[in-house]
Amino acid sequence: MLGTVFRSVELLGLGVWVGSILFFSFVVAPTAFRALDPQHAGLFIRGVFPRYYLFGIICGAITLAAGVAVRAVRQEWAGRSAVTLAIVGAMFLTTVYARQGLMPVIEQRRDARAAAEEGTEAYETAHRAFRAGHRASVILNLAVLLLGIVVFLLLPAVRRSS
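Right, here's the structure in full:
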């Protein structure tokens with residue numbers, strides 16, 4: 042019974058987390074850049090990002106804690122069960138890094154670009170650095186999304202084997 046409750050919380054946490062990534066990536070961000078000019082869209086997204094990543098960290102912590110709890114109750118620490126837990130752990134750590142490590146760097150690069158005069162070498166250097174950070178952010182976000190989908194595909198198999 043307790044294992045079922047923890048598994049439900051694990052699935053709910055993962056579902057909300059993956060759903061929030063899908064919603065932000067495919068609804069909020071594109072809509073902001075279609076509805077607003079690039080400067081205002083960037084400011085809007087810049088304001089959303091810390092909360093977006095914090096939400097992912099909270100969902101990740103809930104999913105990870107529930108995953109550990111269900112495996113402890115059921116004593117299922119090997120095979121697919123261990124793999125899914127490791128993947129959720131990697132998703133969580135990636136999200137923490139994106140918020141605490143990468144986002145501050147991207148913000149510094151964005152500010153350096155804004156402080157430089159457009160068309161100068163300083164501007165071009167800052168712009169390239171910002172784009173590289175942004176690209177890394179997109180890749181990490183996509184990786185967390187894809188890993189979340191993999192966990193969803195593996196969890197039913199874990200359930201059958203327990």
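Per the working numbering, the very first residue in the sequence shown carries number 42; after that it's consecutive.
For every residue, glycine included, the Cβ atom is placed at its ideal position computed from N, Cα and C.
Keep in mind it's a predicted model, so treat the numbers as computed, not measured.
Between Ile98 and the rest of its own chain, which residues show a CB-CB distance below 8 angstroms, the 5 nearest in sequence each way excluded?
Taking the sequence shown and counting its residues from 1, one reaches residue 98 at position 57. Excluding positions up to five away in sequence, the list reads Phe133, Thr136, Val137 and Arg140.
Just to confirm before moving on: does the CB-CB distance between Phe219 and Ala110 stay below 9 angstroms?
What the structure shows of the chain is the stretch from 42 to 203, and residue 219 is not part of that stretch, so it cannot be assessed.
Taking all protein chains shown into account, do 16 or more other C-beta atoms lie within 10 angstroms of the C-beta of Ser49, making it buried, or fewer, making it exposed?
Along the sequence shown, read from residue 1 onward, the residue named residue 49 stands at position 8. So Ser49 counts as exposed.
On the three-state DSSP scale, how would you describe Asp78?
The residue you call residue 78 lines up with position 37 of the sequence shown. Coil, per DSSP.
Among Ile180, Pro91 and Ile103, which has the Cα closest to the Cα of Gly278?
The displayed coordinates of the chain run from 42 to 203. Any statement about residue 278 would go beyond what the structure contains.
Would Ala123 and Gly54 qualify as a contact pair, given that the criterion is a beta-carbon distance under 9 angstroms?
On the sequence shown, position 82 is the one that residue 123 refers to. On the sequence shown, position 13 is the one that residue 54 refers to. Contact annotation: Ala123 and Gly54 have beta-carbon atoms that are not nearer than 9 angstroms.
So what does DSSP say about Ser202, is it helix, strand or coil?
Within the sequence shown, the letter at position 161 stands for residue 202. Because Ser202 carries a pLDDT of 49, less than 50, the predicted location of this residue cannot be relied on, and no value is offered for it.
Count the C-beta pairs between the segment 154–170 and the segment 67–82 that are closer than 8 angstroms, then say yes if the count reaches three, no if not.
The answer is no - the segment 67–82 does not touch the segment 154–170, with fewer than three Cβ pairs under 8 angstroms.
Glu117 - DSSP class collapsed to helix/strand/coil
Numbered from 1 along the sequence shown, position 76 holds the residue referred to as residue 117. In the structure shown, Glu117 sits in coil (DSSP, three-state: anything other than H, G, I, E or B).
Taking Leu206 as the reference, give the member of Ala155, Gln116, Val114 and Leu143 with the closest Cα.
There is simply no residue 206 to check, as the chain begins at 42 and stops at 203 in what is shown.
The alpha helix (DSSP H) that contains Ala155, what's its start and end?
Along the sequence shown, one-based indexing puts residue 155 at 114. Counting along the chain, the alpha helix (DSSP H) containing Ala155 begins and ends at Met144 to Ala156.
Taking Leu188 as the reference, which of Leu43, Thr45, Gly60 and Gly44 has the closest Cα?
In the sequence shown, the residue the question calls residue 188 occupies position 147. Nearest Cα to Leu188 within the set Leu43, Thr45, Gly60 and Gly44: Gly60.
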